[in-house]
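**Student:**
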Amino acid sequence: MDAQLTSVANDCLNAAYDKTMNFPEIVGTLIRAGFEGYVVDYRRHTTAYYFPDGDSIVLENRPSEGKVVAQFDQVGVAAQVKWAQCQGLLEQEGGGLLVHSKTSLIENALDVGYGNAFQFTRTFKRTFSQTPTQLRPSALEIQ
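1 is the number of the first residue of the sequence shown in UniProt numbering; add one for each residue after it.
1) Near residue 56, which residues of its chain fall below 8 Å by C-beta distance, leaving aside the five closest residues on each side in sequence?
2) When burial is assigned at 16 or more other CB atoms within 10 Å of the CB, is residue 8 buried or exposed?
3) Drop a sphere of 10 angstroms on the beta-carbon of residue 134, count the other beta-carbons inside from all chains shown, and report buried for 16 or more, exposed for fewer.
4) Excluding sequence positions up to five away, which residues of its chain have a Cβ less than 7 Å from the Cβ of residue 20?
5) What do you get for residue 69, buried or exposed, if any count of 16 or more other CB atoms within 10 angstroms of its CB means buried?
6) Would you mind giving the Cβ-Cβ distance between residue 46 and residue 59, rounded to the nearest angstrom? I have them listed as a contact below 8 Å.
7) Apart from the five residues on each side of it in sequence, which residues of its chain come closer than 6 Å, Cβ to Cβ, to residue 129?
8) Would you mind sorting residue 93 into buried or exposed? The rule is 16 or more other CB atoms within 10 Å of its CB.
9) Return the chain-ordered list of same chain residues with a C-beta closer than 8 Å to the C-beta of residue 142, the five sequence neighbours on each side being excluded.
10) In angstroms with no decimal places, state the Cα-to-Cα distance between residue 34 and residue 25.
11) What is the residue span of the alpha helix (DSSP H) that residue 29 lies within?
12) Ignoring anything shorter than 3 residues or poking outside the region 57–87, list the beta strand (DSSP E) runs there in chain order.
13) Rounded to a whole number of angstroms, what is the C-alpha to C-alpha distance between residue 2 and residue 18?
14) Does the Cβ of residue 132 have 16 or more other Cβ atoms within 10 Å, making it buried, or fewer, making it exposed?
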């Protein structure tokens, strides 16, 4: 496997542990490098980074004192994913896909995996105490 791609994956893994990059930044870096996705295996202490052709890079995770919980918290994980999606829209491309983009809010919502604009707006408002529409005009006035 290409040493440069292994280095990108390793940098992203370390950034996640060190909290030097947030989730959307890590995902964006991996996508730009050509990765399609990744899977963290907390039982094996590995992270596998996948390419579209099925090839992968597997890295060892840092030792952890944490235990794998007996029951998966689907609601909690879903809430974290939705939060990360909203956060990513605010932080992408140096200031926010929502703020600087000319695309509609529905297009942005669908792009990050929401089924409709209502779901996205509701989650966004719960997370940031304002709607995406409220954010956009004030941010655009600053420019």
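For each residue, glycine too, the CB sits at the ideal point set by N, CA and C. These numbers come from a predicted model, not from an experiment.
**Tutor:** If we stick to the structure as given:
1) In chain order, 48, 49, 50 place their CB closer than 8 Å to the CB of residue 56, counting only its own chain and leaving out the 5 sequence neighbours on each side.
2) buried
3) exposed
4) none
5) exposed
6) Sure, about 7 Å apart at Cβ, within 8 Å.
7) The beta carbon of residue 129 is closer than 6 Å to none in its chain, skipping five residues each way along the sequence.
8) For residue 93, the predicted structure reports a pLDDT of 44, less than 50, and the residue's modelled location is therefore unreliable. A value from the coordinates is still provided. Classification of residue 93: exposed, given that the 10 Å Cβ count is below 16.
9) For residue 142, the pLDDT reaches just 40, beneath the cut-off of 50, and the residue's location in the model is therefore unreliable, leaving the point undetermined.
10) Near 14 Å, if we compare the C-alpha coordinates of residue 25 and residue 34.
11) Element bounds for residue 29: 23–33.
12) Restricting attention to beta strand (DSSP E) runs no shorter than 3 residues, the region 57–87 encloses none.
13) So the two alpha carbons sit approximately 24 Å from each other.
14) buried
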